[in-house]
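Inspection log for the structure reproduced underneath, given as structure tokens.
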Amino acid sequence: METLNNYPLLIQVTGIVTLSAGMMIIITLTVLYVNRLRVKKREQDFQEAELIILDELNNHILKYNAITEIPSNELRTTVVRLNALQNKNIIFKQSLVKLLVYFKLNLTGAITRIISSTYSRLKLREFTLGKLKSKFWFVKTQGLTEVQEMRDNHSIPAVATLVQDQNEDVRVAAYSALLKLNSKTPFSFLSEEKDELSEWHQILLIDTITKAEGLELPEFKVYLGTDNKSILLLCIKLIIHYQQFDAVPKLLSMLDHEDEYIRNQVICALGMLNAETAEQRLINQYPLESNKNKSQILETLGKIASGFSVEFIKDKFLKAEHFSLLKSAAAAIVSHPIQLKEMILNSFTELDDEQKAVLKHYQEPLNLYGIH
């Protein structure tokens with residue numbers, strides 16, 4: 001330090017900063033290394049715990065076809081051993097839940113009842129429900145996933161409390177759990193959710209709804225009056241998936257919606273529902289829309305392909321003001337039934353090279369099946 005004092009102040013400051021930075025780098029690297037070792041050790045502990053529990057389950061539980069087939073002494077001693085393991089530490093308890101959830105998801109028949117009985121006898125439900133009260137959102141979502149995968153209907157009241165959670169991931173996980181568990185009002189979130197759900201969360205909810213067993217579906221048109229854009233889009237997708245044709249009049253009224261993307265999805269839905277009654281309204285709507293929505297209208301008319309809009313589509317093809325409209329009109333023409341398509345194509349007497357090329361492109365085998 002005395003030697004350092006012999007140097008100018010700037011050099012002294014530079015030396016102290018360099019030394020401090022070096023120490024910080026060493027400390028940071030040490031912390032990263034220690035954390036990495038801890039993570040690796042934890043992973044190894046989980047693997048060892050899973051192997052021990054898996055061996056116990058395979059040898060004394062899963063080899064039977066029904067819980068009544070397990071000798072009472074063996075069942076009692078097995079439950080005692082598994083209890084001892086889960087009480088050993090949190091790693092064994094979480095590993096036990098993880099394995100039971102895995103088997104519940106991937107096995108069928110009577111064996112799933114054995115898994116549910118084991119879950120109940122070991123009082124793991126209380127452990128899972130404890131996660132729903134955690135202050136960490138990811139722990140709550142883990143607990144919600146475990147509840148729904150174990151089909152724990154007794155936990156519906158606890159799950160329902162999380163639909164008001166401030167975290168969107170937790171709310172969506174709670175919605176999914178209530179849908180999977182087939183609660184009394186599993187679709188109430190469609191009218192109660194105030195925040196915009198991300199597209200990923202919409203996909204998760206659609207996946208849950210379409211895969212849930214014994215779910216009584218509502219008429220999703222009822223929820224099309226909401227101000228929540230994400231819920232609107234979700235309901236439109238569900239109307240398409242379940243082919244709820246009685247929603248067509250409500251969808252037609254939504255062509256006046258102020259949001260361009262909502263109108264785009266409504267136009268698409270009308271095509272997917274083959275709504276012939278919508279054709280004239282779509283034709284009237286055409287000049288009011290952007291090029292993107294105009295293209296969607298042409299493609300929708302092509303999907304419906306009743307013959308009513310042939311002259312309109314031909315006119316837009318011949319007088320296309322933008323290449324995207326030319327492509328959509330060509331796709332719409334080719335989408336018509338063979339006889340009608342041939343009649344349209346034969347009616348063209350003078351086409352320029354670009355029009356011919358686009359028509360040829362959409363008549364290629366792959367493009368005929370929508371692979372553009």
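Last residue of the sequence shown: number 372 in my numbering, and the count goes up by one each step with no gaps.
Quick reminder that beta carbons are idealized off the backbone N, C-alpha and C, glycines included.
Asn153 to Ser183, Cα distance in whole Å? In the sequence shown, the residue the question calls residue 153 occupies position 153. In the sequence shown, the residue the question calls residue 183 occupies position 183. Their Cα atoms are separated by approximately 8 angstroms.
Taking only the alpha-carbon atoms, compute the straight-line gap between Leu122 and His257 and give it to the nearest angstrom. Indexing the sequence shown from 1 puts residue 122 at position 122. Indexing the sequence shown from 1 puts residue 257 at position 257. Looking at the two C-alpha atoms, the distance is approximately 54 angstroms.
In three-state terms, what does DSSP make of Met254? Sequence index remark: in the sequence shown, residue 254 carries index 254 (1-based). Here Met254 sits in helix by DSSP.
Rounded to a whole number of angstroms, what is the C-alpha to C-alpha distance between Glu219 and Val170? Translated into positions along the sequence shown, residue 219 becomes position 219. Translated into positions along the sequence shown, residue 170 becomes position 170. Computed Cα separation, rounded: 26 angstroms.
With a threshold of 16 other CB atoms inside 10 Å of the CB of Leu10, please say whether the residue is buried or exposed. Within the sequence shown, the letter at position 10 stands for residue 10. Classification of Leu10: exposed, given that the 10 Å Cβ count is below 16.
Suppose contacts are defined by Cβ-Cβ distances below 8 angstroms. Is Gln202 in contact with Ser176 by that definition? The residue given as residue 202 occupies position 202 in the sequence shown. The residue given as residue 176 occupies position 176 in the sequence shown. Not closer than 8 angstroms, so no.
Cβ atoms of Ala269 and Ile240: under 8 angstroms apart, would you say? The residue labelled residue 240 in the question sits at position 240 within the sequence shown. The residue labelled residue 269 in the question sits at position 269 within the sequence shown. For Ile240 and Ala269, yes; Cβs fall inside 8 angstroms.
Count the other CB atoms, across all protein chains shown, that sit within 10 Å of the CB of Ala278; report buried if there are 16 or more and exposed otherwise. Working through the sequence shown from its first residue, we reach residue 278 at position 278. Looking at its Cβ environment, which holds 16 or more other Cβ atoms inside 10 Å, Ala278 is buried.
Decide if Gln86 is buried, meaning its Cβ has at least 16 other Cβ atoms within 10 Å, or exposed. As a working note, residue 86 is residue 86 in the sequence shown. Classification of Gln86: buried, given that the 10 Å Cβ count is 16 or more.
Figure out for me which residue from Ser306, Phe308, Gln339, Leu301 has the closest Cα to the Cα of Ala330. Along the sequence shown, one-based indexing puts residue 330 at 330. Closest by alpha carbon: Leu301.
Rounded to a whole number of angstroms, what is the C-alpha to C-alpha distance between Pro8 and Ser20? On the sequence shown, position 8 is the one that residue 8 refers to. On the sequence shown, position 20 is the one that residue 20 refers to. C-alpha separation (whole angstroms): 19 angstroms.
Give me the Cβ distance between Gly234 and Lys250, rounded to the nearest whole Å; I'm assuming they're in contact under 8 angstroms. Start at 1 with the first residue of the sequence shown, and residue 234 comes out as number 234. Start at 1 with the first residue of the sequence shown, and residue 250 comes out as number 250. First, the residue type needs correcting, since residue 234 is Leu and not Gly in the sequence shown. Not a contact, Cβ separation roughly 15 angstroms.
Expected contact under 8 angstroms - CB spacing of Ala66 and Ile114 to nearest Å: Against the sequence shown, residue 66 aligns to sequence position 66. Against the sequence shown, residue 114 aligns to sequence position 114. That belief holds up - the Cβ atoms of Ala66 and Ile114 are roughly 7 angstroms apart, short of 8 angstroms.
Backbone secondary structure at Arg42 - three-state DSSP: Taking the first residue of the sequence shown as 1, we reach residue 42 at position 42. Three-state result, Arg42: helix.
Which residue's Cα is closest to the Cα of Glu69: Tyr102, Glu48, Ala110? Here residue 69 is taken as the residue at index 69 of the sequence shown, counted from 1. The residue with the shortest Cα to Cα distance from Glu69 is Ala110.
Sequence-distant residues of its chain with Cβ nearer than 8 angstroms to Ile91 (five each side left out): Locating residue 91 in the sequence shown gives position 91, where the first residue counts as 1. Only Arg42, Asp45, Phe46, Ala49 meet the Cβ criterion.
How long is the line joining the alpha carbons of Ser306 and Asp165, rounded to whole angstroms? Looking up residue 306 in the sequence shown gives position 306. Looking up residue 165 in the sequence shown gives position 165. Each residue's Cα considered, the two are about 48 angstroms apart.
For Asn83, the three-state DSSP class (helix, strand or coil): As a working mapping, residue 83 is identified with position 83 in the sequence shown. In this structure, Asn83 counts as helix in the three-state DSSP scheme.
Identity of the residue in Glu260, Glu193, Ser198, Ile206 nearest Lys180 by Cα: The count along the sequence shown starts at 1 and reaches residue 180 at position 180. Considering only alpha carbons, the answer is Ile206.
Taking only runs that begin and end inside the region 60-108, name each unbroken beta strand (DSSP E) of 3 or more residues, in chain order. none
Helix, strand or coil: how does DSSP classify Ala174 here? Your numbering for residue 174 matches position 174 in the sequence shown. DSSP places Ala174 in helix when its eight states are reduced to three.
Locate the alpha helix (DSSP H) running through Lys294, then write down its first and last residues. By 1-based counting over the sequence shown, the position of residue 294 is 294. Looking at the DSSP string, the run of the alpha helix (DSSP H) that includes Lys294 is 291-304.
Indicate whether Arg125 and Ser155 have their beta-carbon atoms separated by less than 8 angstroms. On the sequence shown, position 125 is the one that residue 125 refers to. On the sequence shown, position 155 is the one that residue 155 refers to. In contact: Arg125 and Ser155 (Cβ atoms closer than 8 angstroms).
Taking C-alpha atoms, which residue in Gln243, Leu282, Thr226, Gln244 lies nearest to Leu252? What you label residue 252 is simply residue 252 of the sequence shown in a count that begins at 1. Closest by alpha carbon: Leu282.
Output the distance between the C-alpha atoms of Phe127 and Val172, rounded to the nearest integer angstrom. Start at 1 with the first residue of the sequence shown, and residue 127 comes out as number 127. Start at 1 with the first residue of the sequence shown, and residue 172 comes out as number 172. Roughly 21 angstroms between the two C-alpha positions.
Around the C-beta of Lys356, are 16 or more other C-beta atoms found within 10 angstroms, so that it is buried, or is it exposed? As a working note, residue 356 is residue 356 in the sequence shown. Flag for Lys356 reads exposed.
Any alpha helix (DSSP H) of 4 or more consecutive residues that is wholly inside the region 206-266: 229-241, 248-253
Going by other Cβ atoms of all chains shown within 10 Å of its Cβ, with 16 needed for buried, is His322 buried or exposed? Mapped onto the sequence shown, residue 322 falls at position 322. That one is exposed.
Given Glu146, which residues of its chain have a CB within under 7 angstroms of its CB, disregarding the five upstream and five downstream residues? Reading the sequence shown from its first residue, position 146 is the one you call residue 146. Hits under 7 angstroms: Val97, Val101, Thr128.
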